[in-house]
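K.L.:
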Amino acid sequence: MDARDAGTDLESVLLTEEQVQTRLREMAAEIDAFYAGSEVLLVGVLKGAVMVMADLARALTVPVTMDWMAVSSYGSGTKSSGVVRILKDLDTDLSGKHVLIVEDIIDSGLTLSWLSANLGSRGPASVRIATLLRKPTAAKVEVEVSWVGFDIGEQFVVGYGLDYDEKYRNLRDIGILAPHMYG
Ligand code: 5GP
Ligand code: MG
Ligand code: MG
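Heads up: the sequence shown runs through residues 1 to 183, numbered per my numbering.
Take a look at the structure:
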């Protein structure tokens with residue numbers, strides 16, 4: 001779906017499909033250069049990172065493998081619970097691997113700082129983070145992010161994998177949800 005199909009559910013479009021794709025190609029070029037000569041294990045965080053993973057992975061030229069984790073830090077609302085739980089773990093042994101965590105958005109950073117410490121304890125050669133979006137709150141947390149697509153404001157965004165109550169993940173653009181939607 002695109003923003004027009006979402007009707008009045010969106011207050012505005014924050015980033016168009018084209019802006020997202022252009023930025024992902026730039027990030028991929030930087031990531032390629034950084035890992036030149038190595039193989040990289042991309043770890044996608046379900047479900048939000050599905051679109052970022054699909055497009056970033058295809059823009060890369062270094063050899064990659066992909067695996068997925070599901071963790072819960074949010075319920076169906078818009079606020080962090082601060083609790084991280086593994087719902088689905090990796091199938092891959094991380095020993096000696098260069099791990100790149102692929103995320104849709106960093107808000108409080110709680111999920112990612114917990115996740116990178118958790119993966120770091122499994123004997124990888126390195127653990128780094130790439131995220132498409134980062135909110136201002138993330139600056140307050142001790143989590144080092146190697147690649148950021150866009151620094152955005154505090155509004156709750158949907159689309160391109162990001163949901164509100166599991167909806168709008170298939171929106172091509174990234175939009176700001178209209179306040180009346182919070183119900
Ligand atoms: P953190 O632990 O960094 O606060 O939480 C990150 C997770 O919160 C993201 O992976 C995402 O699931 C959710 N999240 C944070 N901000 C937003 C937002 O603006 N829109 C949506 N749809 N999810 C968000
Ligand atoms: Mg996520
Ligand atoms: Mg969500």
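Ideal placement from N, C-alpha and C gives every residue a C-beta, glycine not left out.
Taking DSSP as the reference, what is the three-state secondary structure of valine 84?
P.N.:
Three-state DSSP puts valine 84 in a strand.
K.L.:
For the pair the region 45 to 54 and the region 94 to 112, tell me if three or more CB-CB distances fall below 8 Å.
P.N.:
Segments in contact, yes.
K.L.:
Secondary structure at threonine 16, three-state DSSP: helix, strand or coil?
P.N.:
In the structure shown, threonine 16 sits in coil (DSSP, three-state: anything other than H, G, I, E or B).
K.L.:
Would you call the region 17 to 31 and the region 47 to 67 in contact, with 3 or more CB pairs under 8 Å?
P.N.:
The region 17 to 31 is in contact with the region 47 to 67.
K.L.:
So, using beta-carbon positions, are leucine 15 and phenylalanine 150 closer together than 8 Å?
P.N.:
The answer is yes: Cβ separation under 8 Å.
K.L.:
Counting only runs of 3+ residues fully inside the region 91 to 134, write out the beta strand (DSSP E) ranges in chain order.
P.N.:
Qualifying beta strand (DSSP E) stretches, in chain order: 98 to 106 and 126 to 134.
K.L.:
Can you pull every residue whose C-beta falls closer than 7 Å to some heavy atom of ligand 2, listed in chain order?
P.N.:
Taking each Cβ in turn, the ones that pass are Val45, Gly48, Ala49, Glu103, Asp104, Ile105 and Thr111.
K.L.:
When you measure from the CB of aspartate 163 to every non-hydrogen atom of ligand 3, does any distance come out below 7 Å?
P.N.:
At least one heavy atom of ligand 3 is nearer than 7 Å to the Cβ of aspartate 163, so yes.
K.L.:
Mind checking whether isoleucine 129 and glutamine 155 have CB atoms under 8 Å apart?
P.N.:
No. Outside cutoff.
K.L.:
First and last residue of the alpha helix (DSSP H) that includes leucine 56?
P.N.:
50 to 59 is the span of the alpha helix (DSSP H), which, as asked, contains leucine 56.
K.L.:
Among all the DSSP beta bridges, which residues are the ones paired with glycine 159?
P.N.:
DSSP output for glycine 159 lists Leu162 as bridge partner(s).
K.L.:
Here's the rule: buried if 16 or more other CB atoms are within 10 angstroms of the residue's CB, otherwise exposed. What is glycine 161?
P.N.:
By the neighbour-count rule (16 or more Cβ atoms within 10 Å), glycine 161 is buried.
K.L.:
If we ignore side chains and look at the alpha-carbon of each, how far apart do alanine 125 and alanine 117 end up?
P.N.:
Distance between the alpha carbons of alanine 125 and alanine 117 is about 13 Å.
K.L.:
Consider the C-beta atom of aspartate 107 and the heavy atoms of ligand 1; say whether any pair is separated by less than 7 Å.
P.N.:
Yes, ligand 1 has a heavy atom inside 7 Å of this Cβ.
K.L.:
Could you compute how far the alpha carbon of glutamate 39 sits from the alpha carbon of methionine 66?
P.N.:
Cα to Cα, glutamate 39 sits roughly 11 Å from methionine 66.
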